[in-house]
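Scroll down for the structure; my scribbles are underneath it.
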Amino acid sequence: MLFCNLVNIYCQEKIDYSNIKKVELFLLQSECRNPNSYNKFQTEYEQKTFFNKFKSSEDIPNDRCEFYIDLENCEIQLTPFLNTFDIEKFDWNSSKIVLTKRGIEKLKILDVPLNGSAFVLKLNQKIIYGGWFWNRFSSIGCDRIWTWQHPDENELKLRFGLGGFKCGTDSRIDKRLIDIAIESGK
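Each residue of the sequence shown is one higher than the one before, counting from 164 in our numbering.
Following this line, the structure appears as C-alpha cells:
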C-alpha cells in the first residue's frame, strides 16, 4: 500500500499555474456594496477606534473592507461577461488574464463607473475570488483586487490595493482556491 502511494505521488500531474484555461469573469446583478465597511462609521472617533485595533490595514477582516465582495450573498449574472472564447489563459503566478481579440473588444465597451464594477473570477464553474474593474479616471482608491481597462493591451493585470491602501488578505496568493477548482474540473 505504501509503495502505491509513493508511486502516485510521483505520477501526479504537475500543474502549470501560468497557463490555466476554462477561466471566466462574471459581473454582478447589482452593485452589492459592503454595508459593514469601515467607511460606514458615523464619527471620526468610531473610525479611529476601529483602526487602532489593527497593526496594519491588511489585518482588518475582509468583510470590513470597503470593496469587499460577499461572494455568497451577491447575485452573480448567469452568463459570463468574459468566457473561454474571450480569455486565452489565466496566469495565477503573475495574476494576469490574457484576452483574445474578442475579449479585448468586449472590455472596450464595458461602462465602468468611477467607483468600479465588481466581477467574479471562476474556474470550472467554481468561484476563485472577486475583484473590481476600475475606471482609469477615478480618484477613488480600491482596497481589494482590481484591474484597469486598458484599450491597447490584451492583458488584465489583477492587483491588490489601489491608491496605497490595502485591506484584508489578498486572495490572489491563496493557491488552495485554484487547486480546488482545478481538481473539480478533472
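We treat Cβ as the ideally placed atom computed from N, Cα and C, and that holds for glycine.
For Val275, tell me which candidate among Asn256, Asn298, Lys184 has the shortest Cα-Cα distance.
Selected option, being the one with the closest Cα: Asn298.
Quick check on this structure: which residue in Ser347, Asp333, Arg196, Tyr208 has the alpha carbon closest to the alpha carbon of Ser258?
It is Asp333 whose Cα lies nearest to the Cα of Ser258.
Take Asn202 and list the residues in its own chain whose beta-carbon comes closer than 7 Å to its own, dropping the five residues that flank it on each side.
Only Glu229 meet the Cβ criterion.
Going by C-alpha distance, which of Thr310, Gly304, Lys320, Ile308 is nearest Gly327?
The candidate whose alpha carbon is nearest that of Gly327 is Gly304.
Ignore the nearest five residues each way along the sequence and tell me which others in Ile232's own chain have a CB closer than 6 Å to its CB.
Ala281, Gly293.
Taking its Cβ as the centre, do 16 or more other Cβ atoms sit within 10 Å of Arg153, making it buried, or is it exposed?
Because the chain spans 164 through 349 in this model, residue 153 falls outside it and cannot be assessed.
Using the DSSP secondary-structure output, state which residues sit across from Asp254 in a beta bridge.
Looking at the DSSP assignment, Asp254 forms a beta bridge with Lys259.
Could you pull the start and end residues of the beta strand (DSSP E) that Leu286 belongs to?
Counting along the chain, the beta strand (DSSP E) containing Leu286 begins and ends at 280–286.
Would you please state the rounded distance, in angstroms, between the beta carbons of Lys285 and Glu194? I believe it to be under 8 Å.
That belief does not hold up - the Cβ atoms of Lys285 and Glu194 are roughly 20 Å apart, past 8 Å.
Using only CA atoms, which one of Glu235, Cys237, Arg265 lies nearest to Phe244?
Out of Glu235, Cys237, Arg265, Arg265 has the C-alpha closest to the C-alpha of Phe244.
Quick one: what's got a C-beta closer than 7 Å to Asn317's C-beta in the same chain, skipping five residues either side?
So the qualifying residues of the chain are Val261, Leu262, Ile267.
May I ask you to report which of helix, strand or coil DSSP gives Phe166?
Any reading at Phe166 must be qualified, since the residue scores a pLDDT of 41, below 50, and its modelled position is unreliable; the value itself is stated next. Reduced to three states, the DSSP call for Phe166 is helix.
Roughly how many angstroms lie between the CA atoms of Ile178 and Asn256, to the nearest whole one?
Using only the alpha carbons, I get a separation of about 12 Å.
Can the beta-carbon of Glu221 be found less than 8 Å from the beta-carbon of Gly331?
Yes; because the gap between Cβ atoms is below 8 Å, this pair is in contact.
My assumption, with CB atoms under 8 Å, is that Gln240 sits in contact with Leu190. Please give the rounded CB distance.
Their Cβ separation, rounded to whole angstroms, is 5 Å, which keeps Gln240 and Leu190 in contact under 8 Å.
Where Ser302 and Gln312 are concerned, what is the direct C-alpha to C-alpha distance, given to the nearest angstrom?
Cα to Cα, Ser302 sits roughly 15 Å from Gln312.
Along the chain, where does the beta strand (DSSP E) containing Gly294 start, and where does it finish?
Unbroken beta strand (DSSP E) run through Gly294: 289–297.
Just mark Arg339 as buried or exposed, buried being the case when its beta carbon has 16 or more other beta carbons within 10 Å.
Exposed, by the Cβ-count rule.
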